[in-house]
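Numbering (the working numbering), first residue to last: 3 to 178. Encoded as structure tokens, the structure appears first; notes follow it.
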Amino acid sequence: MIEKDTVRKIGYFTKPHGIKGEIGMVLSYDIFSHTDDPFIICETEGILVPFFIEEHRNKTSSVVLVKLETVNSEEDVRAFSNLDVYCPLRDIEEEETDGQASKGGPADYIGYTVSDATYGPLGAIESIDDSTANVLFRIDNGGRELLIPVVEEWIISVSHKEKRLDMSVPDGLLDL
Numbered sequence: 003m004i005e006k007d008t009v010r011k012i013g014y015f016t017k018p019h020g021i022k023g024e025i026g027m028v029l030s031y032d033i034f035s036h037t038d039d040p041f042i043i044c045e046t047e048g049i050l051v052p053f054f055i056e057e058h059r060n061k062t063s064s065v066v067l068v069k070l071e072t073v074n075s076e077e078d079v080r081a082f083s084n085l086d087v088y089c090p091l092r093d094i095e096e097e098e099t100d101g102q103a104s105k106g107g108p109a110d111y112i113g114y115t116v117s118d119a120t121y122g123p124l125g126a127i128e129s130i131d132d133s134t135a136n137v138l139f140r141i142d143n144g145g146r147e148l149l150i151p152v153v154e155e156w157i158i159s160v161s162h163k164e165k166r167l168d169m170s171v172p173d174g175l176l177d178l
């Protein structure tokens with residue numbers, strides 16, 4: 003049995019893609035460059051269950067379309083929508099001890115508070131919108147949803163300890 007303290011969240015599933023059992027997966031850790039036989043772990047009915055990846059292909063820089071073994075239809079794959087994706091902690095620790103720490107992705111910032119240099123606090127990042135070519139932060143701004151493109155040049159500083167992201171958003175973007 004897989005224990006919760008032996009895994010680390012590395013992303014989440016988005017929605018089914020097509021009719022052949024593919025689903026989008028937003029990742030903050032690149033499992034594909036570290037193993038020839040990648041698998042992920044999901045929590046289903048309170049139990050952590052491993053799933054092997056049959057095929058994968060990049061959709062965007064942060065979204066990978068995957069086909070899981072034994073999941074063959076659009077109906078089967080719908081059960082995975084919005085589920086968190088985990089990886090064995092030992093695999094990540096091995097990589098980090100080799101001096102090749104994983105490069106984070108937009109999903110790492112979910113829950114972070116965003117502040118703009120001009121407008122001040124904007125709210126917390128609730129999710130990532132990857133439905134277009136431009137990946138967006140979805141921010142709750144006191145009941146109003148803000149969509150801000152994930153652009154590295156707009157990020158001034160990041161405090162992982164305080165879970166804060168300071169940005170400089172171009173004029174007019176927050177008025178849309």
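Positions of the beta carbon are idealized from the N, C-alpha and C atoms, including for glycine. A quick note: this is a predicted structure, and the numbers were derived from the prediction, not measured.
Paired residues, beta bridge with residue i - DSSP
i: P123; result: S117
i: M169; result: D118, I157
Residue i versus the options, residue with shortest Cα-Cα distance
i: P40; options: K17, E71, I141, T62; result: E71
i: K22; options: D7, Y111, D168, S75; result: S75
i: P18; options: E155, I158, A81, D110; result: A81
i: G144; options: E56, V87, T115; result: T115
i: D177; options: V153, K165, I158, Y121; result: Y121
i: C89; options: E24, D7, I157; result: D7
Local Cβ density within 10 Å of residue i, reported as buried at 16 or more and exposed below that
i: S161; result: exposed
i: A119; result: exposed
i: E96; result: A caution first: E96 carries a pLDDT of 48, below 50, which makes its placement in the model unreliable, though a value can still be read off. Flag for E96 reads exposed.
i: E155; result: exposed
i: G107; result: buried
i: A103; result: Low confidence applies to A103: its pLDDT is 34, below 50, so where it sits in the model is not reliable, and the reading given next is rough at best. It counts as exposed.
8 Å Cβ cutoff met for residue i and residue j
i: L123; j: S117; result: The question names Leu, yet the displayed sequence has Pro at residue 123. Yes, they are a contact pair.
i: V187; j: H58; result: Residue 187 is absent from the structure shown; the chain starts at 3 and stops at 178.
i: G20; j: D132; result: no
i: L149; j: Y111; result: no
i: A126; j: L29; result: no
i: F53; j: C44; result: yes
Checklist entry - Using 8 Å as the threshold, is the stretch 47-56 in touch with the stretch 10-19, meaning 3 or more CB pairs across them? => result no
Next on the checklist: Under 8 Å: do the stretch 29-41 and the stretch 133-151 share three or more Cβ pairs, one atom per stretch?
Outcome noted: no
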